[in-house]
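If you're matching positions, the sequence shown starts at 774 in my numbering and goes up one per residue.
Here the structure comes first, spelled out in structure tokens, and everything after it is commentary.
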Amino acid sequence: MDTKHIHISDFNYELPEKCIAKFPVTPRDHSKLLIYDKGNVSEDVFYNIANYLPKGELMVFNNTRVIQARIHFRKETGAVIEVFLLEPAQPSDYELMFQSRGHCAWLCMVGNLKKWKEGTLQRSFNVRGRDVTLKAVRRHEQGTSQWIDFSWDDDVPFADILDAVGELPIPPYLNRDTEESDKITYQTVYSKIKGSVAAPTAGLHFTDGVLRSIDNHGIEREELTLHVGAGTFRPVKSEEIAGHDMHTEYISVSRATLERLVSHDAKAIAVGTTSVRTLESLYYIGARLAVNPDVSEEDLHVAQWEPYDTHPRITPVEALNNIISYLDRNGMGAFHGSTQIIIAPGYDYKIVKMLVTNFHQPQSTLLLLVSAFVHGDWRRIYDYALANDFRFLSYGDSSLIIP
């Protein structure tokens, strides 16, 4: 199959507004669960998911945490400018960014940009009983983003600034304002590492009770980090997917997680498409290291079409061991890299053997990923979900897919 020439119109379906979940079910593990098992479709409640998982398998979760990435400023003219944080620019490391004191810079989307041609935006607020003024200056365009310098007149870290003044960025297709409840419901219960501007929504169904049932069932668990960017919502507008540019996402995987994957013969149950993109990217990173073991970490980036343009002959276990060896040679405890991988029909999955995921938008790259996983049989899943009152998108119901 020539993946680049896939027509995105072949991945369209009618999604009625009433099927889009505006809020999650309560409690979160009472959402519906569709089970696709080698072409057979059935349903259950999510809190029973452990019953469908083979004992002894490894389940991998994305532990990223959504940041309050929307900041609103009001100009003296009354115009409201929305600054949406996309990616740290200075410092570029997420952890260092949130520890920054006094100043930092981000690549941002800016709403109402035409009303902010020049000058400084500012906003005053309170952080733990202290008055703080945050200022924003637009420096230049960088690609499709704006480089924004932030400064503030108090010795508080930027993480505290965001907690005080930022707004959680719920998906645009919910067509509603963020509510206080979203601060809890739009985070996974295991979220730890701040950096995403969208939740890894397959994980929203898990509770501490479900995680215990998975442990009791003999399923091992590991975590990795992929910070989800706003590009995850960007529709494919080109007729063929060759015309769609995937956004870059930043990943982090500990040496311990890599070792655990190797001990499971490089096979995993992925929770969410973000975990899928991370795990599958690891194979191509390991393959790159087989050719050039001394490549710099900055160059260990998976390009969008790399899986289709290169055909490595190494096994997934060999690829993962190459990354472990790379970490050992460089005295590192975790791999940090980036990926633009696009997974679409024609892709050969290397590591992911089962997938937990929600129901995705028509003509989206996420739907392409699911189709590739079930060898084109995605309509059977979506027709069943639509006919049986499943709830769709970020706050919707879940599916367990066994190809």
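Glycine residues also receive a C-beta, built at the ideal position from the N, C-alpha and C atoms.
Considering only 1098, 901, 939, the residue with the shortest C-alpha distance to residue 1065 is 1098. For residue 1112, DSSP records a beta bridge to 1022, 1075. The segment 1149 to 1166 and the segment 781 to 799 touch, with three or more beta-carbon pairs separated by less than 8 Å. Taken in chain order, the complete alpha helix (DSSP H) segments of 4 residues or longer contained in the segment 846 to 878 are 867 to 872. Assignment of beta strand (DSSP E) within the segment 1004 to 1061, counting only whole runs of 3 or more residues, yields 1022 to 1027, 1041 to 1044 in chain order.
If you look at residue 1065, you'll find it isn't in any beta strand (DSSP E); DSSP assigns it neither H nor E. The segment 1091 to 1171 contains, as complete alpha helix (DSSP H) runs of 4+ residues, the segments 1138 to 1146, 1151 to 1160 (chain order). Within the segment 941 to 969, complete beta strand (DSSP E) segments of at least 3 residues are found at 966 to 969, given in chain order.
In this chain, the alpha helix (DSSP H) harbouring residue 984 covers 981 to 989. Here the C-alpha atom of residue 1032 lies approximately 16 Å from the C-alpha atom of residue 1043. Taking residue 779 as reference, the option from 1111, 1138, 1162, 984 with the minimal CA-CA separation is 1138.
The straight-line gap separating the alpha-carbon atoms of residue 818 and residue 1131 is approximately 14 Å.
The way I'd put it, the segment 1015 to 1025 doesn't touch the segment 842 to 857; fewer than three beta-carbon pairs between them come closer than 8 Å.
In the DSSP assignment, residue 932 falls within the alpha helix (DSSP H) that extends over 931 to 938. Beta-bridge partners of residue 844 (DSSP): 856. With a 10 Å radius around the Cβ and a threshold of 16 neighbouring Cβ atoms, residue 1102 comes out exposed. In the structure shown, residue 917 adopts coil according to DSSP, grouped into three states. For the 9 Å CB-CB criterion, residue 959 and residue 943 form a contact. Spanning the alpha carbons of residue 932 and residue 1109 requires a straight line of approximately 21 Å. Between the C-alpha atoms of residue 1165 and residue 1136 there is a straight-line separation of about 14 Å. The Cβ-Cβ distance between residue 1023 and residue 1000 falls below 9 Å.
Beta-bridge partners assigned by DSSP to residue 903: 900. Assignment of beta-bridge partners to residue 922 by DSSP yields 878, 910. Residue 975 is not a Cβ neighbour of residue 1147, given a cutoff of 9 Å.
CA-CA distance, residue 803 to residue 952, rounds to 21 Å. Judged by DSSP in its simplified three-state form, residue 834 adopts strand.
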